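Residue numbers (the working numbering): 14 to 435. The next block holds one structure in the form of structure tokens; read it before the comments.
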Ligand SMILES: Nc1nc2c(c(=O)[nH]1)N[C@H]1C(S)=C(S)[C@@H](COP(=O)(O)O)O[C@H]1N2
Ligand SMILES: [Mo]
């Protein structure tokens, strides 16, 4: 997930927004903090901060996502004729929704390529009708420290396709997988409890058969023609190049990721990362810092930073998460007015979930997305420092709590060095 250059118009709009936001916050809130002070009183430093914030783009362009993929080759690298033949083009894509042959699941109207009743792309758009499902969700791998990309995804609830297959009984789980070059060794499988697919936890989005990203057809690199998107989960549940959905009475997961010692039932965690740190500054100059927070199931209460002097000095072993450090609050930025990501004029389309008719979010930050944060360091004496950042979730848990184990999602506290020169 990289920053991409923004047009001057976009920068201008973002600047305006940010200026208003900081004026609303007022300098008073920042004056309460200890050394070194953070102040946003409309001086040179805050101009610098605004410029740094203007570089942030909310949505990630398709080509700027990081890929996590298996397949030799991945389907989108095959020649077009081959892609057409294997159903990896919209014209030829077909989805199976069938009963697991190895279980007693009852499905009365299987959608099946074998029987000529599979769901094709036209049928998928018909299911979407005039009200496709659209929501914001960050793609993040439980084994990678920073999110892969922030997207506006569009599709059809998976349950709509499942109900079309008339499932009747003995179904406890949904197994699913994508194209794998007809080689079982290349198969990438994932699964969900049927309950999660048929009903969404309060305040959560449906699992979707996704065919658009940021308003454009889903590219082959991103998993098109159709991938699954599981909003609350890490990336391995969001299978790309989807072709097969299997309804089963098997009670347990069969995920490929289970073999990698991964916690396959993990909800997304809340955590934060740096985006901008100049690394070096002259004494007396204000230092702008920006970053992103991944908003997991616990929501996002605060982003905090700790300016650590004497970074080489040992920290008490009984406080591995630095809870006793003098953390101070950074500013969580409001929802952008220009969403970037290649959307025309940076505008969201209508009917994005949890946005009102005027295109404003009903709450912010939103779960399973990112929020940007920023702060300005001032008055630091010459020397070497490590800056740390952490999140506090809505329940008051400081990162990496309440779930510090790495195989359920990376969320270590990030540090970033800076030298203040005399
Ligand atoms: N078919 C298939 N789907 C897949 C994968 C894969 O290797 N093959 N990788 C998964 C993993 S582990 C992650 S983290 C996400 C990454 O999505 P992205 O490449 O769009 O960023 O895709 C998931 N879907
Ligand atoms: Mo992943």
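For glycine and all other residues, C-beta sits at the position ideal for the given N, C-alpha and C. Since the structure is predicted, the reported quantities are computational estimates derived from the model, not experimental observations.
Please list, in chain order, all residues of the same chain as residue 233 whose beta carbon is under 6 Å from its beta carbon, the five residues on each side excluded. The residue labelled residue 233 in the question sits at position 220 within the chain shown. The beta carbon of residue 233 sits closer than 6 Å to the beta carbons of 89 from its chain, once the five residues preceding and following it are set aside; these are given in chain order.
Can you check whether the C-beta of residue 338 is within less than 8 Å of a C-beta belonging to chain D? The structure shown contains no chain D; it holds only a single protein chain.
Enumerate in chain order the residues of its own chain whose CB-to-CB distance from residue 319 is below 6 Å, with the five nearest sequence positions on each side excluded. Mapped onto the chain shown, residue 319 falls at position 306. Contacts found: 338, 340, 401.
Could you check whether the Cβ of residue 287 sits closer than 7 Å to any heavy atom belonging to ligand 2? Against the chain shown, residue 287 aligns to sequence position 274. Taking 7 Å as the cut-off, one finds no heavy atom of ligand 2 near enough to the beta carbon of residue 287.
Which partner residues does residue 319 have in the DSSP bridge list? In the chain shown, the residue the question calls residue 319 occupies position 306. Answer is 401.
Unbroken alpha helix (DSSP H) run spanning residue 65, endpoints: Looking up residue 65 in the chain shown gives position 52. That run of the alpha helix (DSSP H) goes 57-67.
Would you check if there are 3 or more beta carbon pairs closer than 8 Å linking the segment 73-82 to the segment 168-176? no
With a 10 Å radius around its C-beta and 16 neighbouring C-beta atoms as the bar for buried, classify residue 415 as buried or exposed. Within the chain shown, numbered from 1, the residue matching residue 415 stands at position 402. Exposed, because fewer than 16 other Cβ atoms sit within 10 Å of the Cβ of residue 415.
Could you name the residues whose beta carbon sits closer than 6 Å to any heavy atom belonging to ligand 1, keeping them in chain order? This criterion selects 78, 79, 80, 81, 82, 83, 152, 154, 161, 162, 191, 201, 235, 236, 248, 249, 251, 252, 253, 254.
Which residue wins for smallest C-alpha separation from residue 387, given the options 269, 286, 91? For the purposes of this step, residue 387 is taken as the residue at position 374 of the chain shown. Among 269, 286, 91, the Cα nearest to that of residue 387 is on 286.
Within the continuous beta strand (DSSP E) that includes residue 206, where are the two ends? One-based indexing of the chain shown puts residue 206 at position 193. Taken as a continuous stretch (DSSP letters only), the beta strand (DSSP E) holding residue 206 covers 202-206.
Taking Cβ to Cβ, would you say residue 86 is nearer than 8 Å to residue 307? As a position in the chain shown, residue 86 is number 73, starting the count at 1. As a position in the chain shown, residue 307 is number 294, starting the count at 1. In this structure, residue 307 does not lie closer than 8 Å to residue 86 by Cβ.
Alpha helix (DSSP H) containing residue 140: first to last residue? One-based indexing of the chain shown puts residue 140 at position 127. First-last of the alpha helix (DSSP H) with residue 140: 134-141.
Expressed to the nearest angstrom, what Euclidean distance is found between the alpha-carbon atoms of residue 248 and residue 279? As a working note, residue 248 is residue 235 in the chain shown. As a working note, residue 279 is residue 266 in the chain shown. Computed Cα separation, rounded: 11 Å.
Between residue 274 and ligand 2, is the CB less than 7 Å from at least one heavy atom? Here residue 274 is taken as the residue at index 261 of the chain shown, counted from 1. No, ligand 2 has no heavy atom inside 7 Å of this Cβ.
Tell me which residue opens and which closes the alpha helix (DSSP H) that residue 79 is part of. As a working mapping, residue 79 is identified with position 66 in the chain shown. Where residue 79 is concerned, there is no enclosing alpha helix (DSSP H), given that its DSSP letter is neither H nor E.
Assign residue 172 to one of three DSSP states: helix, strand, or coil. Numbered from its first residue, the chain shown carries residue 172 at position 159. Correct three-state label for residue 172: helix.
Please determine if the segment 289-309 and the segment 203-215 are in contact, where contact requires at least 3 C-beta pairs separated by less than 8 Å. no
Do residue 156 and ligand 2 come close, with the Cβ less than 7 Å from some heavy atom? In the chain shown, counting from the first residue as 1, residue 156 sits at position 143. A distance criterion of 7 Å places the beta-carbon of residue 156 in contact range of ligand 2, judged by its closest non-hydrogen atom.
Using DSSP bridges, identify the partner residues of residue 418. Taking the chain shown and counting its residues from 1, the one referred to as residue 418 is at position 405. Per DSSP, none; premise fails for residue 418.
Could you check whether the segment 95-110 touches the segment 252-262, counting it as contact only if at least three pairs of C-beta atoms, one from each stretch, sit closer than 8 Å? yes
Does DSSP put residue 177 in a helix, a strand or coil? The residue given as residue 177 occupies position 164 in the chain shown. If DSSP states are grouped into helix, strand and coil, residue 177 belongs with the helices.
Tell me which residue opens and which closes the beta strand (DSSP E) that residue 186 is part of. Here residue 186 is taken as the residue at index 173 of the chain shown, counted from 1. Note, residue 186: beta strand (DSSP E), 186-191.
Three-state secondary structure (DSSP) at residue 358? By 1-based counting over the chain shown, the position of residue 358 is 345. Residue 358: helix per DSSP, three-state reduction.
Go ahead and pull the three-state DSSP assignment for residue 107. Along the chain shown, read from residue 1 onward, the residue named residue 107 stands at position 94. Looking at residue 107 - three-state DSSP - the assignment turns out to be strand.
Do you know whose CA, among 303, 413, 346, lies nearest residue 65's CA? Residue mapping note: residue 65 aligns to position 52 of the chain shown, counting from 1. The shortest Cα separation from residue 65 among 303, 413, 346 belongs to 303.
Under the rule that 16 or more other beta-carbon atoms within 10 Å means buried, what is residue 328, buried or exposed? In the chain shown, residue 328 corresponds to position 315, counting from 1. Classification for residue 328: exposed.
For residue 383: DSSP bridge partner residues: Your numbering for residue 383 matches position 370 in the chain shown. Per DSSP, 307.
Tell whether a beta-carbon distance below 8 Å holds between residue 261 and residue 131. Locating residue 261 in the chain shown gives position 248, counting from the first residue. Locating residue 131 in the chain shown gives position 118, counting from the first residue. No, they are not a contact pair.
Determine contact between the segment 238-245 and the segment 175-187, defined as no fewer than three beta-carbon pairs at a distance below 8 Å. no
With respect to the alpha helix (DSSP H) encompassing residue 93, which residues constitute its N-terminal and C-terminal limits? Numbered from its first residue, the chain shown carries residue 93 at position 80. Here the alpha helix (DSSP H) through residue 93 covers 93-98.
Okay, do the segment 176-194 and the segment 120-134 touch, 3+ Cβ pairs below 8 Å being the bar? yes
Buried/exposed call for residue 311, threshold 16 Cβ in 10 Å: The residue you call residue 311 lines up with position 298 of the chain shown. Flag for residue 311 reads buried.
Residue 69 and residue 227 closer than 8 Å at C-beta: Walking along the chain shown from the start, residue 69 turns up at place 56. Walking along the chain shown from the start, residue 227 turns up at place 214. Contact flag unset, no.
Can residue 263 and residue 116 be called in contact, C-beta distance under 8 Å? Here residue 263 corresponds to residue number 250 of the chain shown, with the count starting at 1. Here residue 116 corresponds to residue number 103 of the chain shown, with the count starting at 1. Result yes, Cβ atoms of residue 263 and residue 116 sit closer than 8 Å.
Helix, strand or coil: how does DSSP classify residue 148 here? Taking the first residue of the chain shown as position 1, residue 148 is located at position 135. Residue 148: strand per DSSP, three-state reduction.
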